[in-house]
Amino acid sequence: MICFMAWFVAAWSCLLVVVMVSSMRLSRSASSSCGSSCGHGGHGGWGPRSYPVIGCLVAFYRNRRRLLDWYTEMLAASPSQTIVVDRLGARRTVVTANPANVEHILRARFANYPKGKPFTDVLGDLLGMGIFNVDGELWHAQRKLVSHEFSARALRDLEAQVLDEIAATRRARGAGEEGGDDGEGEGLDLDDYRRMRVLHAALCETMRLYPPVAWDSKHAAADDVLPDGTAVGRGDRVTYFQYGMGRMEAIWGADAADFSLDRWLSLPRGGGDGAAAASPAAAAFAGVSPFKYPVFQGGPRTCLGKEMAFVQMKFVASAVLRRFELRPVDEGRTPAFVPLMTAHMAGGLNVTVRRRTPAPATSTATNGTGGELTSS
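Mapping of the sequence shown onto mature numbering (1 follows the signal peptide of the UniProt record, and there is no 0): residues -23 to -1, 1 to 353, in sequence order.
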């Protein structure tokens, strides 16, 4: 028996070595980009080249330091913006940047694509049985309960209460003038923040290129076929890739890699290129489909805190930028995007801070002869 076990282990080890060596030879000429390392991977779909036993381990190893860009390149090369990934020791994964597939997953066949036990088991100790970590009836019950706290009416009531508290504090310390703004955003109400269309566009464009969550995964409860024809098996991991979607020319046009506020702002007829950001008073915010821009998900599981998140971001940005001028310490450095459970910037962003000089106040008076005198 012992001899048989030793023989089996030796044979298996030899087979694994042979497969790995042959795989490395086959992929030696592959570049670090998609190139020859992706195509019809032998698993019934487009994706990284896969081999027996080890799957696409070789391609993953070669691109381990640039996974986000590698996935983006493969999705852009795929005719359907969908790839299939077979990894050693992991379940079959379908990754898509196709808006039609995203809508199918998040709305049309929502019940078939829960977060799934693999996700809830991993985060169970951290998130417990809260709304972020459950599916089915338990999720529906919690969603219904918490939705009242994030309604437009509840948000307005909260705003009124907070502003009353701020006003009381300002009166107590004798700061600020009646109806004025002390430069910290305290004189603005919810409607003011909603009218900040250019800032709203800048936030949306930033999250298009650098989404807070780089990808989100579901697990198929039953066999299915995506709108682009990709077959999904029961238990497969199905991922929509927000980071890649924000860079798809098929979705955003030839300038997908550029930061442009004009994607989100529109002017009346006659406005030229770039005019929307230059004329914020006339520009209107032009929203896009949540399945093209799934930063806040879409369908039944759309983020309830979306409105609150934008208000908070605008409050912080307007309060800081009105008082200070910020410049990167190293303007030539490209910050590294780190895609953990929620993304962050590696090492942060060091900036120099300079207080903005208030514009001198001016007043006008009549000089008695019909002319005006201006003083500072």
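C-beta atoms are modelled at their ideal positions from N, C-alpha and C, and glycine is treated no differently. Predicted model only: the values in this text are computed from it and were never measured.
Per-residue burial, residue i [other beta carbons within 10 Å of its own, 16 or more giving buried]
i, result
"THR334", "exposed"
"MET318", "exposed"
"ARG42", "exposed"
"THR216", "buried"
"SER8", "With a pLDDT of only 39 at SER8, under the threshold of 50, the placement of this residue in the model should not be trusted, and no figure is reported."
"residue 407", "Residue 407 is absent from the structure shown; the chain starts at -23 and stops at 353."
"LEU242", "buried"
"LYS94", "exposed"
"ALA179", "buried"
"GLU80", "buried"
"GLY24", "buried"
"GLN274", "buried"
"ARG224", "buried"
"VAL209", "buried"
"LEU298", "exposed"
"ALA260", "buried"
"ARG150", "With a pLDDT of 42 at ARG150, under the threshold of 50, the modelled position of that residue is not reliable, and the figure given next carries that caveat. Exposed."
"ALA231", "exposed"
"PRO56", "exposed"
"GLY221", "buried"
"THR49", "buried"
"THR311", "exposed"
"ASN327", "exposed"
"LEU65", "exposed"
"THR207", "buried"
"PRO76", "buried"
C-beta contact flag for residue i and residue j at 9 Å
i, j, result
"MET184", "VAL272", "yes"
"GLN219", "PRO188", "yes"
"ALA191", "PHE37", "no"
"PRO277", "ARG84", "yes"
"PHE236", "LEU303", "no"
"THR59", "ASP239", "no"
"ARG68", "ASP200", "no"
"VAL71", "LEU203", "yes"
"LEU52", "ALA74", "yes"
"LYS269", "SER194", "no"
"TYR28", "ALA197", "no"
"LEU167", "VAL288", "yes"
"LYS291", "TYR170", "yes"
Run of the beta strand (DSSP E) containing residue i, from where it starts to where it stops
i, result
"TYR48", "Careful: TYR48 lies outside any beta strand (DSSP E), inside the alpha helix (DSSP H) at 44 to 54."
"HIS177", "Unbroken run through HIS177 is the alpha helix (DSSP H), 174 to 186; no beta strand (DSSP E)."
"VAL61", "59 to 62"
"ALA23", "First, the residue type needs correcting, since residue 23 is Trp and not Ala in the sequence shown. Element bounds for TRP23: 23 to 25."
Strand pairing of residue i, partner residues [DSSP]
i, result
"VAL202", "ALA208"
"LEU303", "VAL330"
"ARG214", "THR70, HIS196"
"MET322", "PHE314"
"GLY230", "Looking at the DSSP assignment, GLY230 forms no beta bridge with any residue, so it has no partner."
"ALA261", "SER243"
"TYR28", "GLY32"
Extent of the continuous alpha helix (DSSP H) run through residue i
i, result
"ARG300", "283 to 300"
"ARG171", "167 to 171"
"TYR220", "219 to 222"
"GLU308", "Unbroken run through GLU308: none, as it is neither H nor E."
"PRO76", "76 to 80"
"LEU34", "34 to 39"
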